[in-house]
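Engineer: Take this structure first; my questions come after.
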Amino acid sequence: MFEFFKGFGVTFGTMFKKVVTEEYPENFPPAAPRYHGRHQLNRHPDGLEKCVGCELCAWACPADAIYVEGGDNTEEERYSPGERYGAVYQINYLRCIGCGLCIEACPTRSLTMTNFYELADDNRQDLIYTKEQLLAPLLEGMEQPPHPMRLGEHEQDYYVQGPRLARTGAKGDPVGEQVR
Amino acid sequence: MTETQMLLADDPIWLVLIKVVALFAIGVVLTLFMINWERKVVGRMQQRPGPNRTGPGGWLQSLADGLKLAFKEDIMPAAADKRVYFIAPVISTVPAFVAFSVIPFGGKVTIFGEETVLQLVDLPVGVLVVLACSSIGVYGIVLGGWSSGSPYPLLAALRSAAQVISYEIALGLSIVGVVLYAGSLSTADIVAAQASSWFVLLLIPSFVVFTIAMVGETNRAPFDLPEAESELVGGFHTEYSSLKFALFFLAEYVNMVTVSAMATTLFLGGGMWPWPLSALNANGWLQMIAFLIKTLIFLFVFIWLRGTLPRFRYDQFMRLGWKVLVPGSLLWILTIFAIRAWRSTGGSTTALLVTVGILLVAVLVIAFLVPERKQKEQTIELASDFPVPPLDLKVPTKPARRKRRDRSVGTGRTREPALASGAPAKEDDDV
Numbered sequence: 023m024f025e026f027f028k029g030f031g032v033t034f035g036t037m038f039k040k041v042v043t044e045e046y047p048e049n050f051p052p053a054a055p056r057y058h059g060r061h062q063l064n065r066h067p068d069g070l071e072k073c074v075g076c077e078l079c080a081w082a083c084p085a086d087a088i089y090v091e092g093g094d095n096t097e098e099e100r101y102s103p104g105e106r107y108g109a110v111y112q113i114n115y116l117r118c119i120g121c122g123l124c125i126e127a128c129p130t131r132s133l134t135m136t137n138f139y140e141l142a143d144d145n146r147q148d149l150i151y152t153k154e155q156l157l158a159p160l161l162e163g164m165e166q167p168p169h170p171m172r173l174g175e176h177e178q179d180y181y182v183q184g185p186r187l188a189r190t191g192a193k194g195d196p197v198g199e200q201v202r
Numbered sequence: 280m281t282e283t284q285m286l287l288a289d290d291p292i293w294l295v296l297i298k299v300v301a302l303f304a305i306g307v308v309l310t311l312f313m314i315n316w317e318r319k320v321v322g323r324m325q326q327r328p329g330p331n332r333t334g335p336g337g338w339l340q341s342l343a344d345g346l347k348l349a350f351k352e353d354i355m356p357a358a359a360d361k362r363v364y365f366i367a368p369v370i371s372t373v374p375a376f377v378a379f380s381v382i383p384f385g386g387k388v389t390i391f392g393e394e395t396v397l398q399l400v401d402l403p404v405g406v407l408v409v410l411a412c413s414s415i416g417v418y419g420i421v422l423g424g425w426s427s428g429s430p431y432p433l434l435a436a437l438r439s440a441a442q443v444i445s446y447e448i449a450l451g452l453s454i455v456g457v458v459l460y461a462g463s464l465s466t467a468d469i470v471a472a473q474a475s476s477w478f479v480l481l482l483i484p485s486f487v488v489f490t491i492a493m494v495g496e497t498n499r500a501p502f503d504l505p506e507a508e509s510e511l512v513g514g515f516h517t518e519y520s521s522l523k524f525a526l527f528f529l530a531e532y533v534n535m536v537t538v539s540a541m542a543t544t545l546f547l548g549g550g551m552w553p554w555p556l557s558a559l560n561a562n563g564w565l566q567m568i569a570f571l572i573k574t575l576i577f578l579f580v581f582i583w584l585r586g587t588l589p590r591f592r593y594d595q596f597m598r599l600g601w602k603v604l605v606p607g608s609l610l611w612i613l614t615i616f617a618i619r620a621w622r623s624t625g626g627s628t629t630a631l632l633v634t635v636g637i638l639l640v641a642v643l644v645i646a647f648l649v650p651e652r653k654q655k656e657q658t659i660e661l662a663s664d665f666p667v668p669p670l671d672l673k674v675p676t677k678p679a680r681r682k683r684r685d686r687s688v689g690t691g692r693t694r695e696p697a698l699a700s701g702a703p704a705k706e707d708d709d710v
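Line order of the protein sequences matches chains A and B.
Per my numbering: the first sequence ends with 202, consecutive numbering throughout.
Per my numbering: the second sequence ends with 710, consecutive numbering throughout.
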């Protein structure tokens, strides 16, 4: 008999509890730090791109959302340390399922995911993100490629000294990959 | 003629018109308010805010919905009986508003120098008018379902009608006690008869039956099975759209307001303020506020029920109506008759109380002495020889957890040197 009335107590009590809804457009809650959001193509501390155009991300993608065309670096026009760079890089967000396998596949940690999640549009064309949209912004001390390698004579310098360079150069982006 | 009827009899036509418009406005505004309030309260009961976009605090949501409904395409099914299909929502809405006219909102007031009462009419059979109106409203349901020319609305209409009619019987029987004590069917007289004590105290069984029956009568949760939103398409108004559907919707909510107002009139003393505030009773307008507050309490109970109880099955619902509420009310009426007959033939109150006490004790003793029906021991036949845990399995209780600090002392040491040493702790090269 009293169980019947207990239910009424539950609903009445719940009325005065805090509402769990997040008021999305007004108050823009940041996603979890490791949220699989929009991709980003990272740069070396001097501004050269990390992408070497190897297409491993495109091969790893189960939804076939990534399209990469590699190109050859020359001494006059250099986009990344080493021989090759990603000349064309597109991610189709109508296909992307946000699984993150591309990030795991990337050998240079060029491709990472931000926690930006507002990926909506009213046409298909604008949801195919190109390299210009995906590239990380130029931070302090970076230089827009193409330009020669500034951090060493050889591409191996970029990778071997990577951690040290990162520590000295990473003062510009305290939030890391958080995008708002 | 009673004083109320005298005051109402010499109302000029403009005052009557004002009252009619005001009643209509109250009905519509309370409907709009109720829809919003319901969605908000049910939302809060589920830890979500409910509508909060349209208008200040979302309070114009139902108005926006109503306007949207008016601009939608008005579909006339090919198989529909055109005239009946058109008239059914009207039949269902008009009585809902008519029933409003006998509700005594408040006492004596002066409007533009004319002394009157906050009530449109005070018929000698006021309570019956309300019952009659809800009966006519059923025609709207049945005709609407039938004229749609589609089998599902027809079935739903029959179920709705069966439901409303069977609960109307319980509703009518629960009113009998009130009428007996008030000595009148006029709503104003019933309110006046509760000046000393409200009938809810005197006639609790009637009140309980009335509140249950009024939920069944208005097709509301947990008795909303003919138009169960989460299970059926729409019940009897499946084929309706646009303003015709809006009329059905309006009728349902106005009916809710009407039965709540009736419950207030019959059992909660109408517009009378309770004891510590009885000084407020002098003013008719303040009485109307009291009336509206009491009505809103009933409307809140409607929402509360909807937020709490699961829907009944059809047979459970009918069993409750016919086997519990109706016989219960009949028994209760019989008891009232007996008590009143005893009192009016000069029987003493003490003897009456003693008799009631003895009867109560006897019933309780019998209830305790009768052995409970033995529950058959459950035997579960296993479908295969797959090993399953025994039925009387007890989950072992967890040993009390050790304090967090104690554990971190043991394991924390292995983690710390990694940070303390000169080597980089983390490769943070994603610049």
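Every residue, glycine too, gets a C-beta built ideally from N, C-alpha and C.
1. Between the segment 164-177 of chain A and chain B, which residues of the former have CB atoms less than 7 Å from a CB of the latter, in chain order?
2. Step through the CB atoms of chain B and report whether any lies within less than 8 Å of the CB of A:MET37.
3. Can you check whether the CB of B:ALA367 is closer than 8 Å to the CB of B:SER426?
4. Quick one: which chain B residues come within Cβ less than 8 Å of A:GLY29?
5. Assign A:ASN145 to one of two classes, buried (16 or more other C-beta atoms within 10 Å of its C-beta) or exposed (fewer than that).
6. May I ask you to report which of helix, strand or coil DSSP gives B:GLY689?
7. Could you check the C-alpha separation between B:LEU481 and B:ARG323 for me, to the nearest Å?
8. So, helix, strand or coil for B:THR544, using DSSP?
9. Going along chain A in order, which residues have a C-beta closer than 8 Å to the C-beta of B:TRP583?
10. With B:VAL409 and B:THR281 assumed to form a contact (beta carbons below 8 Å), what rounded beta-carbon distance in angstroms separates them?
11. Looking at the secondary structure, which residues open and close the beta strand (DSSP E) in which A:TYR139 lies?
12. Can we say the segment 548-555 of chain B touches the segment 525-534 of chain B, given the rule of at least three CB pairs closer than 8 Å?
13. Give the residues from the segment 88-106 of chain A that approach chain B closer than 7 Å (Cβ to any Cβ), ordered along the chain.
14. By Cβ distance, which residues of its chain are closer than 7 Å to B:LEU459, with the 5 residues on each side in sequence left out?
15. B:VAL396 CB to nearest chain A CB: under 8 Å?
16. Measure the beta-carbon distance from A:TYR111 to A:PRO167 and round it to whole angstroms, keeping in mind my assumption that it falls under 8 Å.
17. Answer yes if the segment 479-499 of chain B comes into contact with the segment 444-464 of chain B, meaning at least three C-beta pairs across the two stretches below 8 Å, and no otherwise.
18. In terms of residue numbering, what span does the beta strand (DSSP E) encompassing A:ARG106 cover?
19. Which runs of the alpha helix (DSSP H), 4 residues or longer, sit entirely within the segment 477-512 of chain B?
20. Could you check whether A:CYS124 and A:ALA158 sit closer than 8 Å to each other, using their CB atoms as the reference points?
21. Can you have a look at A:ILE113 and say buried or exposed, based on whether 16 or more other CB atoms are within 10 angstroms of its CB?
22. Please confirm whether B:ARG652 has its beta-carbon closer than 8 Å to some beta-carbon of chain A.
23. Closer than 6 Å by C-beta to B:ILE576: which residues in its own chain qualify, once you throw out the five before and the five after it? Chain order, please.
24. Give a yes or no on whether the minimum CB-CB distance between B:GLN326 and chain A is below 8 Å.
25. Indicate whether B:ALA441 and B:VAL488 have their beta-carbon atoms separated by less than 8 Å.
26. Looking only at its own chain, which residues have a Cβ that is under 8 Å from the Cβ of B:LEU286, when we skip the five neighbours before and after it?
27. Residue range of the alpha helix (DSSP H) that B:GLN566 falls in?
28. Let me make sure I understand the geometry here. Which of A:THR33, A:GLU98 and A:ARG106 has the alpha-carbon closest to that of A:VAL90?
29. I need the straight-line Cα distance from A:GLY184 to A:THR136, nearest angstrom please.
Structural biologist: With the structure as the only source:
1. none
2. Along the first sequence, one-based indexing puts residue 37 of chain A at 15. Yes, contact with chain B.
3. The residue you call residue 426 of chain B lines up with position 147 of the second sequence. The residue you call residue 367 of chain B lines up with position 88 of the second sequence. Their beta carbons are under 8 Å apart, which means B:SER426 touches B:ALA367 by this criterion.
4. Residue numbering aside, residue 29 of chain A sits at position 7 when the first sequence is read from its first letter. Taking the beta carbon of A:GLY29 as reference, the chain B residues within 8 Å of it are THR587 and LEU588, listed in sequence order.
5. Along the first sequence, read from residue 1 onward, the residue named residue 145 of chain A stands at position 123. The residue in question, A:ASN145, is exposed, as its Cβ has fewer than 16 Cβ neighbours within 10 Å.
6. To locate residue 689 of chain B, count along the second sequence from 1; it is residue 410. Confidence at B:GLY689 is low in this model, with a pLDDT of 46, below 50, so the placement of that residue should be treated as unreliable; the coordinate-derived value is given next. Reduced to three states, the DSSP call for B:GLY689 is helix.
7. What you label residue 481 of chain B is simply residue 202 of the second sequence in a count that begins at 1. What you label residue 323 of chain B is simply residue 44 of the second sequence in a count that begins at 1. Rounded to whole angstroms, B:LEU481 to B:ARG323 spans 35 Å at the Cα level.
8. Along the second sequence, read from residue 1 onward, the residue named residue 544 of chain B stands at position 265. In this structure, B:THR544 counts as helix in the three-state DSSP scheme.
9. The residue you call residue 583 of chain B lines up with position 304 of the second sequence. Within chain A, the residues near B:TRP583 are PHE30, THR33 and PHE34.
10. In the second sequence, counting from the first residue as 1, residue 409 of chain B sits at position 130. In the second sequence, counting from the first residue as 1, residue 281 of chain B sits at position 2. B:VAL409 to B:THR281, Cβ: 18 Å. No contact.
11. For this step, residue 139 of chain A is matched to residue 117 along the first sequence. Run containing A:TYR139: none; DSSP gives neither H nor E here.
12. no
13. Answer in chain order: no residues at all.
14. As a position in the second sequence, residue 459 of chain B is number 180, starting the count at 1. The answer, listed in chain order, is ILE615 and ARG619.
15. Within the second sequence, numbered from 1, the residue matching residue 396 of chain B stands at position 117. Residue-level contact by beta carbon fails for B:VAL396 and chain A, as no gap is shorter than 8 Å.
16. For the purposes of this step, residue 111 of chain A is identified with residue 89 of the first sequence, where counting begins at 1. For the purposes of this step, residue 167 of chain A is identified with residue 145 of the first sequence, where counting begins at 1. Incorrect: roughly 14 Å between the Cβ atoms, too far for contact.
17. yes
18. What you label residue 106 of chain A is simply residue 84 of the first sequence in a count that begins at 1. Segment 106-114, the beta strand (DSSP E) holding A:ARG106.
19. 478-481 and 483-496
20. The residue you call residue 158 of chain A lines up with position 136 of the first sequence. The residue you call residue 124 of chain A lines up with position 102 of the first sequence. The beta carbons of A:ALA158 and A:CYS124 sit no closer together than 8 Å.
21. As a working mapping, residue 113 of chain A is identified with position 91 in the first sequence. Looking at its Cβ environment, which holds 16 or more other Cβ atoms inside 10 Å, A:ILE113 is buried.
22. If you number the second sequence from 1, residue 652 of chain B lands on position 373. Chain A, which has no Cβ nearer than 8 Å to the Cβ of B:ARG652, makes this no.
23. Reading the second sequence from its first residue, position 297 is the one you call residue 576 of chain B. Around B:ILE576: no qualifying Cβ.
24. Your numbering for residue 326 of chain B matches position 47 in the second sequence. Yes, B:GLN326 lies at the interface with chain A (some Cβ there is under 8 Å from its Cβ).
25. What you label residue 441 of chain B is simply residue 162 of the second sequence in a count that begins at 1. What you label residue 488 of chain B is simply residue 209 of the second sequence in a count that begins at 1. No, they are not a contact pair.
26. Working through the second sequence from its first residue, we reach residue 286 of chain B at position 7. Around B:LEU286: LYS387, GLU394, THR395 and VAL396.
27. Sequence index remark: in the second sequence, residue 566 of chain B carries index 287 (1-based). In this chain, the alpha helix (DSSP H) harbouring B:GLN566 covers 563-587.
28. As a working note, residue 90 of chain A is residue 68 in the first sequence. Out of A:THR33, A:GLU98 and A:ARG106, A:ARG106 has the C-alpha closest to the C-alpha of A:VAL90.
29. Here the question's residue 184 of chain A lines up with position 162 in the first sequence. Here the question's residue 136 of chain A lines up with position 114 in the first sequence. Between A:GLY184 and A:THR136, the C-alpha separation is close to 21 Å.
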